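Protein chains in written order, with the numbering used here: chain A, 1 to 253; chain Y, 1 to 279.
Backbone N, C-alpha and C fix where the C-beta goes; we use that ideal spot for every residue, glycine too.
Computed from a predicted model, the values in this text were never measured in an experiment.
The following block contains the structure:
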C-alpha cells in the first residue's frame with residue numbers, strides 16, 4: 001500500500017513547493033464585457049471566473065431591503081472542473097460555499113450606500129485544485145472593485161492546513177484529501193479583520209494559532225497580487241515617476 | 001491646499017491621516033481618510049474625495065440624462081437610464097395637469113423604444129428617480145446615432161468648459177448630446193464625420209485618466225493647433241483636466257453638453273438642426 005509522499009526528505013511538497021510557499025496566482029480583470037465587473041483568477045491550477053452585476057434593481061421586488069443593498073452570491077463548479085464529472089445541480093457544498101462567500105464579502109461592501117438594490121456575484125469554477133473558495137473570494141473582491149461598488153477594503157483569502165503534522169500554507173487538492181486539516185481564511189488587509197474562518201480537521205490549540213497566522217500571511221501575499229492587478233488595469237502604463245517609486249516602496253514594506 | 005498629490009487609489013487605501021472632511025467615495029475611520037473605490041484621490045479646501053474610474057451610474061437630482069422608454073403604466077412611463085434603478089416620467093409632465101388615461105393616449109407621444117433627453121427632478125433613498133422633459137432642449141430625440149460609454153468618463157469627455165467635446169464636434173461636423181448617465185446621441189450631416197466622432201469618443205473613454213489626451217484626440221481628428229479658441233494652455237493636459245471636471249464640481253450642468261458658456265445654447269426644441277460653430 002503505497003502512500004502518497006506529501007512532504008519528502010527535502011521539505012518539498014507534492015508539487016515542489018516549500019512549506020510556506022504560495023502557489024502562483026494570476027488575476028486578469030475585466031474579462032466579461034457584459035458584466036459590471038469581472039475577474040479571472042488562476043490560483044495554482046484553479047481557474048475561476050467571477051462576474052459581478054450591480055448595483056441593480058432587485059427582481060423579485062419583495063426581496064429588496066429598504067435601507068441597504070442585498071448581496072447575492074452563487075458559487076458553482078462546472079461539470080468539467082474536476083476529474084470525474086460533477087453533476088451541474090448545486091450540491092450542498094456549493095450552497096454552503098455560496099453562503100460563506102457572501103458572509104465573507106458583506107463586511108467589506110458598503111451596503112447602506114445602495115438601498116433597494118442588489119449586487120449579484122457569480123463565481124464559476126472552471127478547474128478546481130483545492131482552495132477554490134479562497135480563490136473565488138479573492139477574485140470576487142477584485143471584481144467588485146472593478147464594478148465600482150463602494151468597499152471598505154478588499155477581501156483577500158488563503159487557506160492553510162496540516163499535512164504530516166506540519167502546518168503548511170495553501171494546500172492543493174492532494175494535500176486537502178490526504179492531509180489532516182484545512183483552514184480557509186478570508187481577511188481584510190487594511191482593517192486587519194477576519195471575515196471567513198473555517199476549519200475542517202483536527203488541530204490542537206497551538207497548531208490552530210499557527211495555522212491562522214500562516215493563513216493571514218498568505219492572505220497578505222494574495223492582497224499584494226490583487227492590488228497589483230487592479231493598479232495595472234486601471235493606471236497601468238501611465239504611472240508618473242513618483243507613483244511608481246511609491247508602489248515599489250509599499251511593496252517592500 | 002494639496003497635501004496629497006493626486007493619487008491613484010483602490011478600495012481600502014489610506015489617502016491621508018488627519019482631521020479632513022470626507023466628501024465623495026471616501027470614509028473616515030479614526031483619524032484616517034480611506035478610499036472606497038478605484039479612482040484618483042484629490043483634496044480641495046472642502047475636503048477629500050475620490051473621482052471614480054468605474055461604476056454604474058447613480059442618479060443625481062438635476063442631472064441631464066438620456067433615457068429609453070421601456071414601458072408605460074396608466075400614469076407614467078418607465079424609462080431606462082442606464083443606472084441602478086429605472087426612472088419614471090409622469091404623464092402629467094407631458095400632457096399637463098388635466099391628463100386622464102381615458103382621453104389621452106400615452107403611446108402617441110412617447111412609445112416604448114423612444115429616446116428622450118430629460119432632467120432628474122427627484123431621487124432619494126426611498127424612491128426611484130423621477131424625470132421631467134418640460135424644459136428647454138429636453139424631450140424626444142428624433143434622430144441620431146446612439147452610443148453608450150461609462151458614466152464616469154463623461155466629465156472627461158466634456159472637458160474643461162466643454163473644450164474636449166467642442167473639439168470633436170467641430171472637427172467632425174456633428175452635434176453630440178451627452179447625458180450624465182453615459183448615453184450619447186450623435187447627429188451629423190455625413191456618415192464619415194459620425195464614424196470619426198465615435199472613434200474619438202471611444203479614445204477618450206479608454207484613456208480618460210491618461211495625460212496628453214487632448215493632443216491625441218486632436219491628432220486622431222487631424223485638427224491643427226489654432227482651430228478652437230476655447231482651449232487655453234492645453235498642450236500638456238494632465239490629470240488636472242480630469243479631476244477638475246469631476247461631476248461634483250461641474251455646476252455647468254448645461255442642457256446639451258455641460259458647457260458653461262451660456263451663449264452657445266440653441267433656443268429651440270428641434271434637436272436636428274446643426275449647431276453653428278462658436279465664433
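In the three-state DSSP reduction, residue 128 of chain Y falls in the strand class (E or B). Along the region 78-89 of chain Y, going in chain order, the ones with a CB nearer than 8 Å to a CB of chain A are 84, 85, 86.
With the criterion set as a beta carbon lying under 7 Å from some beta carbon of chain Y, the members of the region 212-232 of chain A are 227, 230, 231, in sequence order. For residue 107 of chain A, no chain Y residue has a C-beta closer than 9 Å to its own C-beta; the minimum C-beta separation is roughly 12 Å. Take the alpha-carbon of residue 210 of chain A and the one of residue 97 of chain A: they are about 24 Å apart. Closer than 7 Å at the C-beta level to chain A, one finds these residues of the region 120-131 of chain Y: 125. Beta-bridge analysis with DSSP links residue 7 of chain A to A:13. Annotation for residue 104 of chain Y: 95 place their beta carbon closer than 6 Å to its own, counting only its chain and skipping 5 residues before and after. Under DSSP, residue 72 of chain Y shares a beta bridge with Y:77.
Shown here for residue 50 of chain Y: same chain residues with a beta carbon closer than 8 Å to its own, the five before and five after excluded, namely 9, 15, 24, 25, 26, 35, 36, 37, 39, 40, 41, 42 in chain order. Residue environment analysis places residue 166 of chain Y among the buried positions, since at least 16 neighbouring C-beta atoms fall within 10 angstroms of its C-beta. Bounds of any beta strand (DSSP E) do not take in residue 134 of chain A; it lies within the alpha helix (DSSP H) bounded by 132-146. At a beta-carbon threshold of 8 Å, the residues of chain A lying near residue 38 of chain Y are 145, 146, 148, 230, 234, ordered along the chain. Residue 102 of chain Y is classed as exposed because its beta carbon has fewer than 16 other beta carbons within 10 Å across all chains shown. Rounded to the nearest whole angstrom, the C-alpha separation of residue 84 of chain Y and residue 135 of chain A is 28 Å.
For the region 51-78 of chain Y, the set of residues with a beta-carbon nearer than 7 Å to any beta-carbon of chain A comprises 52, 53, 54, 55, 56, in chain order. In the assembly as shown, residue 126 of chain Y is an exposed residue. Its beta-carbon has fewer than 16 other beta-carbons within 10 Å.
The beta carbon of residue 128 of chain Y is closer than 8 Å to those of 85, 86, 87, 88 in its chain, skipping five residues each way along the sequence. Not one beta carbon of chain A lies nearer than 7 Å to the beta carbon of residue 20 of chain Y. Residue ranges of uninterrupted beta strand (DSSP E) with 3 or more members, entirely inside the region 58-109 of chain A and ordered along the chain, are 70-77. For residue 56 of chain Y, there is no enclosing alpha helix (DSSP H), as DSSP marks it with neither H nor E.
Think of a sphere of 9 Å around the beta carbon of residue 154 of chain A: the chain Y residues whose beta carbon falls inside it are 10, 11, 12, in chain order.
With a 10 Å radius around the Cβ and a threshold of 16 neighbouring Cβ atoms, residue 75 of chain Y comes out exposed. If you look at residue 164 of chain Y, you'll find it isn't in any beta strand (DSSP E); it sits in the alpha helix (DSSP H) that goes 163-172. Residue 112 of chain A and residue 102 of chain A have their C-alpha atoms spaced approximately 16 Å apart. According to the DSSP assignment, residue 215 of chain A belongs to no beta strand (DSSP E) but to the alpha helix (DSSP H) extending over 205-235. At a beta-carbon threshold of 9 Å, none of the residues of chain Y lie near residue 102 of chain A; the nearest stands roughly 18 Å away.
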